[in-house]
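Counting along the sequence shown from 1, when you hit position 399 you're at 399 in full-length UniProt numbering, and nothing is skipped either side. Heads up, the beta-carbon is just placed ideally off N, CA and C, and yes, glycines get one too. All figures in this text were calculated on a predicted structure; none of them were measured in a lab.
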Amino acid sequence: MTPDQRPDRPWRVRIDDRHGGPCGAGVLLDDRSVLTCAHVVQQADAHPGAGPAAFLRVRSAVAAPEWRRTARVVEDVWAFEDGSRRGDVALLRLDEPVGHACPTELWKVPISGGQVRVYGFPAFEPYGIGVDAELAGSGGRAGEWGLLNRVHEGRPWIQPGYSGAGVMALDGAFAGQVVGIVVADYVDENGRAAWMVPVETMQTYLGRRITPYVRGVGIEVPSRGDPAADLDDPLQLALTRELARLLTSGWAGVALVATGRRTGPGSSWLVRLTETSRAPGPDGGAPRGTALPFGAVDAAYDARGRTPGEVCAYLAHRFGFDPGARDPAALVHRLLRRRPPPFVIVDGIDGAGDPHRLLADLLIPLARDARTRGLRLVLGVEGDPPDDLPYQVHLDPTPLPGTAAPRPVTVDRAREAVARLARAEAEALLLERTTARRFLAPPRLPHGRAPRLTVRLAVARATFPHAEIAAIEARAVAAATDVDAYLTEVRAMDAAHEDLTVRLELYRALAEEHFGASDRELGALFTAAHSALRTAPVDLAAAGRRVPRYIAAVNRRIAEG
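Following this line, the structure appears as structure tokens:
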């Protein structure tokens with residue numbers, strides 16, 4: 001018996017129209033309730049508008065003994081807008097209960113990655129077949145569905161008959177749990193793409209009807225008023241756009257967000273970004289560039305008044321680690337090695353119950369390796385940046401102080417300086433990822449300053465001359481100088497490595513020509529030099545000693561004849 005056919009998955013059911021024609025699949029929640037896609041019910045002509053006599057048929061897929069029941073859609077638990085790619089969930093009630101049905105748990109999980117299996121009923125396989133897929137975020141949909149990527153080319157893939165099928169996690173602590181239902185969309189027969197409706201989307205539409213079955217924790221940053229209203233403020237709009245741009249650009253590292261010493265500007269726009277990644281549906285007409293894709297944020301938590309243990313317990317539970325394990329070191333180890341790397345927001349870190357312990361035990365160790373591990377960590381602070389906390393970007397919305405007699409700097413000149421800085425920082429990020437990380441003790445990548453200057457430039461007064469405009473331009477020029485120095489140093493290290501490599505190879509060929517390939521003395525010196533150049537991270541200082549030592553030995557041996 002295959003894992004797909006084990007009787008411990010009794011929630012797998014097939015849905016047919018009244019005549020017995022296959023329409024899709026579903027998830028048996030208890031002895032009377034079945035979860036499926038609304039378009040499956042529509043296809044069976046059993047939607048609420050079809051009248052009270054409309055029904056469909058549900059039969060077990062793996063339960064023993066096999067059972068069959070008629071069912072009807074629960075009229076107020078129906079979400080379907082044809083062609084909208086939104087919602088598409090429905091709850092069915094069986095006309096007669098199923099005996100011995102255990103409640104099925106639906107788990108809220110991050111949808112950015114993970115192996116899953118779905119079990120549907122294509123036309124060529126009336127008894128069903130399972131296929132594997134990989135969660136891949138929102139896939140650019142209308143903000144409600146999670147993308148399912150194909151894992152095995154040449155094998156069966158999701159097709160008609162899979163809609164409504166439970167999506168079961170295969171790896172991690174969520175293995176064996178239902179994390180969504182399939183909803184399939186087809187461009188053409190050669191360009192299939194599949195999506196699922198995650199549990200958090202279902203819960204938004206079906207509300208209390210499925211709440212008893214829902215497990216796991218979601219995004220835990222509470223809203224403070226209407227976050228959309230914040231965007232009427234030009235500063236909030238600029239801040240939101242800049243952070244959203246940063247977090248959707250492929251950037252990784254730690255972004256420190258100054259939220260101010262009140263529940264206001266920073267916290268509300270940080271919360272709003274979090275909410276756009278969890279709230280189903282389009283962004284409601286919000287200004288362009290002010291929302292993250294659905295599911296982009298894997299975990300978010302408001303640490304104000306919370307103990308370090310509570311923060312750790314939330315993160316462990318959210319990612320499917322042992323929720324009872326509050327050991328920060330173990331949590332840091334697992335988060336840094338999670339694939340794909342997670343996107344985590346922790347707000348109000350300096351308002352936590354024990355900020356020092358939260359930083360020392362969890363956030364600083366996590367931040368130290370966040371960039372090299374690809375993790376995105378957004379930390380909200382009300383005061384100054386905490387000591388010893390590594391970060392790459394500091395977004396502080398407060399105005400920049402200028403001099404009493406500002407230099408005559410135009411807005412266009414300041415804008416060009418900030419744009420040049422942004423280009424240089426992007427180049428430095430690329431060089432750090434592709435080159436600097438190869439070396440032991442590379443120069444420190446300067447903090448990203450362009451995001452904050454971009455925000456201030458968007459809201460600073462455009463009168464001429466103006467102190468803040470001049471300050472923005474001056475800081476952009478100074479920051480660009482620092483970035484240029486970083487670029488120069490890393491390129492010099494790369495050039496030195498290339499020069500040592502070429503010289504070592506030239507003298508290896510020369511030594512082999514004179515003494516053959518088996519000379520013990522030269523062979524040992526060559527191996528040491530070659531290892532210094534090839535073992536990551538490259539110790540350039542050691543290589544700079546070992547390569548000349550080998551070259552000197554070759555020259556000496558040649559001179560000796």
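- Counting every other CB atom within 10 Å of its CB across the protein chains shown gives F121 a total of 16 or more, marking it as buried.
- Secondary structure of H317 (DSSP, three-state): helix.
- Within the DSSP bridge table, the entry for G26 names V13 as partners.
- The stretch 490–500 makes no contact with the stretch 466–480, as fewer than three CB pairs between them are under 8 Å.
- Distance from D354 to G383 at the Cβ level is roughly 16 Å; contact not present, criterion being Cβ atoms closer than 8 Å.
- The alpha-carbon of H152 is positioned some 27 Å away from that of F343.
- Just so you know, the alpha carbons of A165 and R18 end up roughly 19 Å apart.
- Residue state for G137 is assigned as coil, using DSSP reduced to three classes.
- Residue pairing by DSSP places T70 opposite R57 in a beta bridge.
- The Cβ neighbour count for I558, taken over all protein chains shown within 10 Å, is under 16; the residue is labelled exposed.
- In summary, C102 is exposed, with fewer than 16 beta-carbon neighbours lying within 10 Å of its beta-carbon over all protein chains present.
- Here V151 carries a coil assignment [DSSP, helix/strand/coil].
- Straight-line measurement puts the Cα of P198 at about 46 Å from the Cα of D494.
- Annotation: G523 is outside any beta strand (DSSP E); the continuous alpha helix (DSSP H) that includes it extends over R520 to R534.
- By the Cβ criterion, the stretch 331–343 is in contact with the stretch 371–378, since at least three pairs of Cβ atoms, one from each stretch, lie closer than 8 Å.
- Assigned with DSSP and collapsed to three states, L91 falls in strand.
- For H394, no alpha helix (DSSP H) encloses it; the enclosing beta strand (DSSP E) starts and ends at V393 to L395.
- Judged by beta-carbon spacing, G216 lies within the 8 Å limit of K108, meaning their Cβ atoms are closer than that value.
- Across the structure, V167 and G146 are spaced so that their CA atoms are roughly 11 Å apart.
- DSSP places F294 outside both helix and strand once states are collapsed to three, so it counts as coil.
- For Q115, the uninterrupted beta strand (DSSP E) segment begins and ends at Q115 to G120.
- Shown here, P548 sits in a helix according to DSSP, grouped into three states.
- Counting the other CB atoms within 10 Å of its CB gives Y550 a total of 16 or more, which places it among the buried residues.
- One thing to note: P537 has its Cβ within 8 Å of the Cβ of R438.
- A542 is positioned such that its CB atom lies no closer than 8 Å to that of A553.
- In this structure L430 is exposed. Its beta-carbon is surrounded by fewer than 16 other beta-carbon atoms within 10 angstroms.
- The C-beta distance from P442 to A479 rounds to 19 Å, too long to fall under 8 Å, and the pair is not in contact.
- For L170, there is no enclosing alpha helix (DSSP H), as DSSP marks it with neither H nor E.
- One Cα belongs to D369, the other to R475, and the distance between them is close to 28 Å.
- Comparing C-alpha distances from A492 to each of A436, L148 and D482 shows the shortest one belongs to A436.
- Taken through DSSP and simplified to helix, strand or coil, L429 comes out as helix.
- Look at D347 here: in three-state DSSP terms it is strand.
- Secondary structure at T36: strand, using DSSP grouped into helix, strand and coil.
- A distance of 8 Å or more separates the beta carbons of L315 and V455.
- Here H47 is buried, its C-beta having at least 16 other C-beta atoms within 10 Å.
- The beta carbon of L362 sits closer than 8 Å to those of P308, V311, C312, P328, L331 and V332, all from its chain and outside the five residues before and after it, given in chain order.
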